[in-house]
Each structure stands twice: as structure tokens, then as C-alpha cells.
Amino acid sequence: PATGTGFDVHGFGPGNHVWLCGVAVPHSHGLNGHSDADVALHALTDAVLGAIAADDIGRHFPPSDPRWKGASSDRFLVHALALMGAMGGRLVHCDVTIIGERPKIGPHRAAMRARLADLTGLPPTRIGVKATTTEKLGFTGRGEGLAAMASA
Amino acid sequence: PATGTGFDVHGFGPGNHVWLCGVAVPHSHGLNGHSDADVALHALTDAVLGAIAADDIGRHFPPSDPRWKGASSDRFLVHALALMGAMGGRLVHCDVTIIGERPKIGPHRAAMRARLADLTGLPPTRIGVKATTTEKLGFTGRGEGLAAMASA
Amino acid sequence: PATGTGFDVHGFGPGNHVWLCGVAVPHSHGLNGHSDADVALHALTDAVLGAIAADDIGRHFPPSDPRWKGASSDRFLVHALALMGAMGGRLVHCDVTIIGERPKIGPHRAAMRARLADLTGLPPTRIGVKATTTEKLGFTGRGEGLAAMASA
Ligand SMILES: [Mg+2]
Ligand SMILES: [Mg+2]
Ligand SMILES: [Mg+2]
Chain D
1 PATGTGFDVH GFGPGNHVWL CGVAVPHSHG LNGHSDADVA LHALTDAVLG AIAADDIGRH
61 FPPSDPRWKG ASSDRFLVHA LALMGAMGGR LVHCDVTIIG ERPKIGPHRA AMRARLADLT
121 GLPPTRIGVK ATTTEKLGFT GRGEGLAAMA SA
Chain B
1 PATGTGFDVH GFGPGNHVWL CGVAVPHSHG LNGHSDADVA LHALTDAVLG AIAADDIGRH
61 FPPSDPRWKG ASSDRFLVHA LALMGAMGGR LVHCDVTIIG ERPKIGPHRA AMRARLADLT
121 GLPPTRIGVK ATTTEKLGFT GRGEGLAAMA SA
Chain L
1 PATGTGFDVH GFGPGNHVWL CGVAVPHSHG LNGHSDADVA LHALTDAVLG AIAADDIGRH
61 FPPSDPRWKG ASSDRFLVHA LALMGAMGGR LVHCDVTIIG ERPKIGPHRA AMRARLADLT
121 GLPPTRIGVK ATTTEKLGFT GRGEGLAAMA SA
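In order, the protein sequence lines correspond to chains D, B and L. Per the numbering used here, residue 1 is the first one in the first sequence, and the count goes up by one each step. Per the numbering used here, residue 1 is the first one in the second sequence, and the count goes up by one each step. Per the numbering used here, residue 1 is the first one in the third sequence, and the count goes up by one each step.
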């Protein structure tokens, strides 16, 4: 048994939705990034890669590579899980915490867990999706971006 | 086996003590929050909820609900553990990291572990309580608030 | 089975290299700290201590103690692992995430994993070393310092 952890940040920019856990969430801004900037999927992908000690998302999908421009982050997670499978591993549980003031996550949680269930093959009962604010403190508190922490 | 993780932040405000791991720690400020703002118990409660994929503390105890105004955060953790038990789960270990410059945690660590042992039923030897500063950097470094990270 | 987590921060100061996972990485700055300020080893040491509920690195190696001035952080991790062994425990996996804009970690990852393998006795296949930026946000984004998160 092994538990990997991941962390990621993306900053807000122009847009009308953010991608979080593979779900488009309407918002006054988008998230900047080379891919779709799904900070939650990036943290979770890194947690999976950490569990199998297979480097990090930046090594597998370098932001400098035009192939990943605007890419759906779904493929990053699917790739990490395929590596895990190839090494004889199996994901049994995952947990994501989205850190920021807005958008509110609660109304989208069920959709996020369903999407992660699709991507991972886990039942939703093994998929935690949580959110917390930083009470107006720090860059997340000032609404400059979102952070995410994950374990797998 | 599953490991959940949690994270929380509360900002300093007027007061002469902060609640951390269910212990009142004398300090030049208090922590602002709808409940007792025990950032360590909130992170740990979210870690427990993450381990059983049962949403987050904000869903179970919305800050908008007057019932939780000034509430002791003990009840949040106890509630999460009851949910875990109802699902056939059992907590075997937990670990909390309190992030901030002050107050110093060391002198209160034994009391915190004893309190968490009371609340969880775990022996103190399965309860980690750690602290770290951020070396004057960021909002914790500027003394604007405290953060906590937990696993369960 | 138990999973501990750790977190640490150090600020940049004068210097031409930073210590990360026991490896000297050339950089335009050093990291300030009483010891060698290896933020990654400190987070990992705290994760090990959290897994065995043996307090934190600050209690075992107080910054106020002149013995640890300029100390190699290798000894902190080795000490934590010796404590784990004395309690009948055994490390089976560890994972570190280094958070900051620079220096780039990728070119040094293999050396870091090899060094951690030396220190822990684990095969590199059980040692995750990851890095992420915070997209110019927060103190890590402004280049004021580095943070690290670890699990063990
Ligand atoms: Mg990212
Ligand atoms: Mg809270
Ligand atoms: Mg340190």
C-alpha cells in the first residue's frame, strides 16, 4: 500500500467557467494554464504519480509541449492510472480538496464525483471531493487563483 | 484502507486564546470563524470525511447555519467519526500539522494529543500533532492567520 | 498502516545553491535556515514523525540548539527513521512535492531519488519526488521561498 499526495495552483484569468475534477463550473473567470488548467485533476494526477513514484505531471505532460495546449486534463489522470495499472497497481481510494473562495463547489460535487468515478473506475463511495476557503487570506483568499491538494 | 487529507485556514481577530485540537491555547489574538475556528480540528474532520468520501465539513456544518455559531468543533470531528463507524470504517491513525508563526504548539502538544485521544478513541501513539512556521512568508508568516493540514 | 504528512517552508537568501532531498541544486539564491534549510527533507522527516506520532522536527532538532547550526538535514531524516525502527515500524513508501517557481527540479530528480534511497533504504520505485509551481501566485510564486509537502 502506498499513498501519494499532490498539490497544484492555477491563476484566474478571462473566462466564464473553470474546469474542476473534469467538470465545467460556471464562474466570473477562467483559470489560466497551458491545458484546461483543471487544478483538481492536476493535483490528483500528481497524487497517483506519487503513489507509484513515476515523477510528476510536468514530466509526463510538459507545458512547453504544444500537444497539451488546451488539452482536457482527463487524459493526464487516465495516463497516470494506466501507468499504475502497468506496474501492477490499483487505485483504491482518492481524495481531493479544492482551496479557494469561489466558485462554490457544493452544487457541483455530485457531478465531480461521478466524473472521477468514470475516469478512475472507482465507485463514488471511494472518491472524496472537498472544498475549503482560506477566509480571504493569501492568494486564494484574494481571489487570484485556486489551489488543490489530493491524495491517492 | 483509505487515507483522506484535509486543509483549513482561519484568520486572527480579537481575543486572548485560540482553539487548536480542542485545546484553548493562550494567545494575543483569537481566530475568527463562525464556530470556535479550531483550524486543526476542521482539517482533521475533513481528512476523516475525505477517507470515507462523505463530502466536507462545510456541507455537514454550513457556516450559514446559526446552530453552529460559536460551536465547539469537537462535535464536528465526533460527527465525522460516527459517520465513519456507521459505514463500517474505523480510524487507525491521524496526523495534524499546524502552520503558523505563533502561538508555539510544543508546550500544548501533550494536551492536544490527549484531547484527540478522547475524541477519537485512538491511543496517543496513533495521533500525530506537528507544527511548522512558514519563516515569515505568506499570510501565516505575516501573522494574519493559521493554516492546518491533516491526514486520517 | 499509517500515513503521516509533513509541510515546510524556507525563504531564499544569499547563496548559489539550495539543498533539496539531500542534493545541492545550483541556484541564484540559497535558502535561509538554521540547518541546511532542506525544505524537502524537513517535510519528509515530519511526515515520518507524523506516521509514528513522534512530535515534529522542531522538537527533535530545535532551531535554537547550536548543534544543528548548518547541519545536514540528512541526519534529521535518519533520526526519524531510527525512531520508527525502534517502534517496530518500517517505511514502505514516501512522496515529496516541492512547491516553487525555481530552480527546476526535473534535472535533479534522479539524484534526489537516489539520495533518498540511500537515506531510507527504500528502492527508488517507492520514492516519489514531484515539483509544481504556483503560477506566480503567493510567496512561492513571487520567488520569496520554497515550500514542500510530503507523505510517508
Ligand atoms: Mg497545473
Ligand atoms: Mg474552518
Ligand atoms: Mg525547515
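Backbone N, C-alpha and C fix where the C-beta goes; we use that ideal spot for every residue, glycine too. These numbers come from a predicted model, not from an experiment.
For this session: Specify the secondary structure class of residue 37 of chain D as computed by DSSP and reduced to three states.
Result: coil
For this session: Quick one: which unbroken alpha helix (DSSP H) runs of 4-plus residues sit fully inside the region 1-88 of chain B? Chain order, please.
Result: 39-51, 57-60 and 74-86
For this session: Answer yes or no: do residue 129 of chain L and residue 95 of chain L have a C-beta to C-beta separation smaller than 9 Å?
Result: yes
For this session: Could you spell out where the beta strand (DSSP E) holding residue 146 of chain L opens and where it closes?
Result: 145-151
Problem set entry | Residues of the region 47-72 of chain D with Cβ closer than 8 Å to any Cβ of chain B, in chain order | none
Problem set entry | Helix, strand or coil at residue 106 of chain L according to DSSP, with G and I counted as helix | helix
Problem set entry | Cβ distance (whole Å) where residue 43 of chain L is taken to contact residue 4 of chain L below 8 Å | Not confirmed; about 11 Å, so no contact.
For this session: Measuring alpha carbon to alpha carbon, tell me which of D:1, D:6, D:2 and D:19 ends up nearest residue 102 of chain D.
Result: D:19
Exercise. Which residues in the same chain have their Cβ closer than 8 Å to the Cβ of residue 107 of chain B, if we skip the five residues on either side of it in sequence?
Worked result: none
For this session: Report yes or no: is there a C-beta of chain B within less than 9 Å of the C-beta of residue 3 of chain D?
Result: yes
Problem set entry | Unbroken alpha helix (DSSP H) run spanning residue 128 of chain L, endpoints | Careful: residue 128 of chain L lies outside any alpha helix (DSSP H), inside the beta strand (DSSP E) at 127-132.
Exercise. In whole angstroms, what separates the C-alpha of residue 118 of chain L from that of residue 82 of chain B?
Worked result: 42 Å
Problem set entry | According to DSSP, residues forming a beta bridge with residue 92 of chain B | Residue 92 of chain B pairs with nothing; no bridge assigned.
Exercise. Given residue 111 of chain D, which residues of its chain have a CB within under 6 Å of its CB, disregarding the five upstream and five downstream residues?
Worked result: 23
Exercise. Residues bridged to residue 97 of chain L by DSSP?
Worked result: L:130 and L:149
Exercise. Within this structure, are the beta carbons of residue 31 of chain L and residue 76 of chain L separated by less than 9 Å?
Worked result: no
For this session: For chain L, find out if any of its Cβ atoms is closer than 9 Å to the Cβ of residue 8 of chain D; answer yes or no.
Result: yes
Exercise. Does residue 118 of chain D come within less than 9 Å of chain B when only Cβ atoms are used?
Worked result: no
For this session: Please indicate yes or no: does the CB of residue 57 of chain D lie closer than 8 Å to some heavy atom of ligand 1?
Result: yes
Exercise. When the Cα of residue 26 of chain D is compared with those of D:35, D:34 and D:14, which residue comes out closest?
Worked result: D:14
Problem set entry | Alpha carbon of residue 135 of chain B to alpha carbon of residue 141 of chain B, nearest angstrom | 6 Å
Exercise. In chain B, which residues lie less than 8 Å from residue 135 of chain D when you measure between Cβ atoms?
Worked result: 9, 10, 11, 32, 33 and 145
Exercise. Can you list, in chain order, every residue whose CB sits closer than 5 Å to a heavy atom of ligand 3?
Worked result: L:8 and L:42
Problem set entry | Euclidean distance between Cα positions of residue 126 of chain B and residue 51 of chain L | 8 Å
Problem set entry | residue 45 of chain B at chain L interface by Cβ criterion, 9 Å | no
Exercise. Quick one: what does DSSP say residue 124 of chain L is sitting in, helix, strand or coil?
Worked result: helix
For this session: Starting from residue 84 of chain D, find everything on chain B with Cβ-Cβ shorter than 7 Å and list it in chain order.
Result: The premise fails here: residue 84 of chain D is roughly 16 Å from chain B at the closest Cβ pair, so nothing lies under 7 Å.
Exercise. How close, in whole Å, do the beta carbons of residue 91 of chain L and residue 49 of chain L come, if the pair is a contact with beta carbons under 8 Å?
Worked result: Contact doesn't hold; Cβ gap of about 12 Å is too wide.
Exercise. Alpha carbon to alpha carbon, what distance is there between residue 64 of chain D and residue 73 of chain B?
Worked result: 46 Å
For this session: Determine the contact status of residue 97 of chain D and residue 120 of chain D, defining contact as a CB-CB distance below 9 Å.
Result: no
For this session: Return the Cβ separation of residue 12 of chain L and residue 143 of chain L in integer angstroms, given the expectation that the two are a contact with Cβ distance under 8 Å.
Result: 7 Å
Exercise. For a contact meaning CB atoms closer than 7 Å, what does residue 138 of chain B contact in chain D?
Worked result: 138
Exercise. Would a C-beta distance cut-off of 9 Å place residue 7 of chain B and residue 35 of chain B closer than the cut-off?
Worked result: no
For this session: Kindly list the residues whose CB is nearer than 6 Å to the CB of residue 113 of chain D, restricted to its own chain and excluding five residues on each side of it in sequence; keep chain order.
Result: 124, 127 and 129
Exercise. How is residue 137 of chain D classed by DSSP in three states: helix, strand or coil?
Worked result: coil
Exercise. Does any C-beta atom of chain D lie closer than 9 Å to the C-beta of residue 29 of chain B?
Worked result: no
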